[in-house]
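Student:
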Amino acid sequence: MREADTERSRFRRGLRESQTEAERRLWYRVRDRRLAGFKFVRQESIGRYVADFCCREGRLIIELDGGQHAESEHDRVRDAWLAVQGYRILRFWNAEVADNIVGVMDTILAVLPPSPRTRGEGRDDPVVGAASPKGEGEGAAPVEAYPEPPPHPRLPPRSGDDKVAGALSPQAGRGEKHL
1 MREADTERSR FRRGLRESQT EAERRLWYRV RDRRLAGFKF VRQESIGRYV
51 ADFCCREGRL IIELDGGQHA ESEHDRVRDA WLAVQGYRIL RFWNAEVADN
101 IVGVMDTILA VLPPSPRTRG EGRDDPVVGA ASPKGEGEGA APVEAYPEPP
151 PHPRLPPRSG DDKVAGALSP QAGRGEKHL
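So that you can map any letter, position 107 of the sequence shown is 107 in UniProt numbering, and since no number is skipped, the others follow by simple counting.
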């Protein structure tokens with residue numbers, strides 16, 4: 001049984017290495033949770049079939065097809081079996097991905113459930129103790145007041161007087177002239 005798994009892994013690896021231009025374009029947009037935080041994988045084995053792209057969380061399979069798949073009885077049987085397993089199948093023509101990638105992405109996003117997470121996943125998880133949006137609350141970095149540095153031995157002391165402070169260190173880029 002181990003040999004069959006190795007053979008199947010080699011087959012899937014070969015499919016990933018020889019992907020079409022349409023597969024490359026779609027993979028760039030869905031990899032690394034780039035599409036609303038959903039994780040997609042390429043060339044996923046499901047039963048005896050291999051899906052081009054699969055989102056396990058969303059139970060979605062995306063197939064990119066060339067002309068050889070038009071009216072394919074094999075694809076109908078395969079899709080029926082995958083649907084019984086709980087997957088939805090979206091099929092796009094390679095030309096559709098090349099000519100209308102935005103429409104393809106919108107279609108995929110429309111059939112996915114609400115996003116499971118956003119970039120920086122776990123930020124809003126109360127168990128993690130993440131900081132609030134204002135940086136307050138549990139998990140926030142404490143605000144530390146740093147002491148004034150000691151005066152420089154060769155520079156005049158800083159003054160609280162605005163005129164003296166302005167003369168010692170003029171503000172650049174404000175368009176103000178000090179007289």
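We put the CB at the ideal spot given by N, CA and C, even for glycine.
Counting beta carbon pairs with one atom in the stretch 32 to 51 and one in the stretch 81 to 95, are three or more of them shorter than 8 Å?
Tutor: Yes: the two stretches touch, three or more of their Cβ pairs being nearer than 8 Å.
Student: Using the Cα positions of K39 and L112, report the straight-line distance between them to the nearest angstrom.
Tutor: For K39 and L112, the distance between alpha carbons rounds to 11 Å.
Student: Return the CA-CA distance between N94 and I61, expressed in angstroms with no decimal places.
Tutor: Cα to Cα, N94 sits roughly 15 Å from I61.
Student: Using only the alpha-carbon positions, how far apart do R42 and E23 sit?
Tutor: Computed Cα separation, rounded: 9 Å.
Student: Indicate whether E63 and I89 have their beta-carbon atoms separated by less than 9 Å.
Tutor: Yes. Within cutoff.
Student: Smallest Cα separation from R25: which of P114, S115, I101, I108?
Tutor: Residue I101 is the option with its Cα nearest to R25.
Student: Can you tell which of C55, P114, A110, E21 has the C-alpha that lies nearest to the C-alpha of D65?
Tutor: Of the listed residues, the one whose Cα sits closest to D65 is E21.
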